[in-house]
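Structure first, then comments.
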Amino acid sequence: MSTTSPLIRKACFSDGPAIFKCIKAHPGELVPRPLSDILLHIDRFLVAELDGEIVGTASWAVLPELDPSKNPSIEIQSVSVRDDLQKQGLGRRLVETALARVAEFKPDQIIVLTFTPPFFASLGFVPVSKEKLLYKLYKGCMNCAKYDNPLTCPEVAMAYDPRKREGTAS
Ligand SMILES: CC(C)(COP(=O)(O)OP(=O)(O)OC[C@H]1O[C@@H](n2cnc3c(N)ncnc32)[C@H](O)[C@@H]1OP(=O)(O)O)[C@@H](O)C(=O)NCCC(=O)NCCS
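In structure tokens form, the structure reads like this:
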């Protein structure tokens with residue numbers, strides 16, 4: 001067992017296959033992503049590396065915004081920590097690092113769709129109605145092969161106000 005703490009860093013192309021495995025390891029909670037999708041969006045992934053192995057990941061996507069007076073929102077996606085390293089603060093570090101990065105874009109809000117609301121609540125996310133987010137979520141939900149309707153799918157929508165981070169070091 002390693003005594004060092006995982007390093008969180010930006011992903012690079014050679015991390016693609018390990019990120020693919022990391023996400024695929026949690027089919028109950030995460031929508032699997034093809035390797036091609038991971039590689040095309042590699043600039044939107046973070047990884048946690050321990051002893052040369054990828055043990056966690058987190059990513060984000062920009063969501064469309066129809067109101068020109070607002071900035072687009074960001075969805076945090078594919079947050080995954082290897083089973084034997086869970087409950088040691090790594091998921092928190094991955095999401096905190098992702099929040100700091102995406103807050104730089106000044107999004108209107110940061111959202112997540114999740115089966116683990118308590119984890120995201122501990123990071124400052126609060127539940128929001130899916131109806132209010134529907135057109136933003138549509139882009140992801142329209143490709144979902146798991147549930148037939150985003151409003152009845154069991155994932156909980158939660159939002160984080162990026163203005164909470166203003167004034168904090170990122
Ligand atoms: C959810 C997940 C990323 C959490 O990672 P982790 O490294 O275990 O989380 P942390 O140790 O950083 O926990 C942070 C906080 O969330 C809480 N928490 C973590 N997982 C939890 C869970 N499944 N249920 C309830 N609370 C949870 C922790 O107790 C901790 O609370 P505290 O700060 O008050 O002590 C990890 O369990 C995982 O990979 N799950 C499978 C994939 C998944 O569900 N991803 C999220 C959907 S996008």
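As numbered in the working numbering, residues 1 to 170 make up the sequence shown, in order. Built from N, CA and C at the ideal position, the CB exists for glycine as well. Please read these numbers as outputs of a predicted model, since none were measured by experiment.
| Any residue whose CB is nearer than 5 Å to a heavy atom belonging to ligand 1, listed in chain order | Counting every residue whose Cβ lies closer than 5 Å to a heavy atom of ligand 1, we get H26, E29, V79, S80, V81, Q86, K87, G89, L90, G91, R92, T114, T116, P118, F119, S122.
| Residue closest to F159, alpha-carbon to alpha-carbon, out of S129, V81, Y135, G16 | Note on identity: in this sequence residue 159 is Ala, with Phe being the wrong assignment. Checking every option, the nearest Cα to that of A159 belongs to S129.
| request: Would you kindly work out how many angstroms separate the C-alpha atoms of S170 and D108, rounded to a whole number? | output: With a pLDDT of 43 at S170, under the threshold of 50, the modelled position of this residue cannot be trusted; read the value that follows with caution. Each residue's Cα considered, the two are about 18 Å apart.
| field | Proximity to F20 [Cα-Cα], best of L137, S80, I111 | value | When only C-alpha atoms are compared, the closest one is S80.
| request: Spell out the partners DSSP gives Y160 in its beta bridges. | output: I110
| message | Measuring only the C-alpha atoms, how far is D15 from I54? | response | 8 Å
| Cβ-heavy atom distance between S78 and ligand 2 below 7 Å? | This structure does not include ligand 2; its bound ligands are ligand 1.
| Cα-Cα separation between N149 and E65, rounded to whole angstroms | 21 Å
| request: Pick helix, strand or coil for E155, following the three-state DSSP scheme. | output: coil
| task | For V79, name the three-state secondary structure that DSSP assigns. | result | strand
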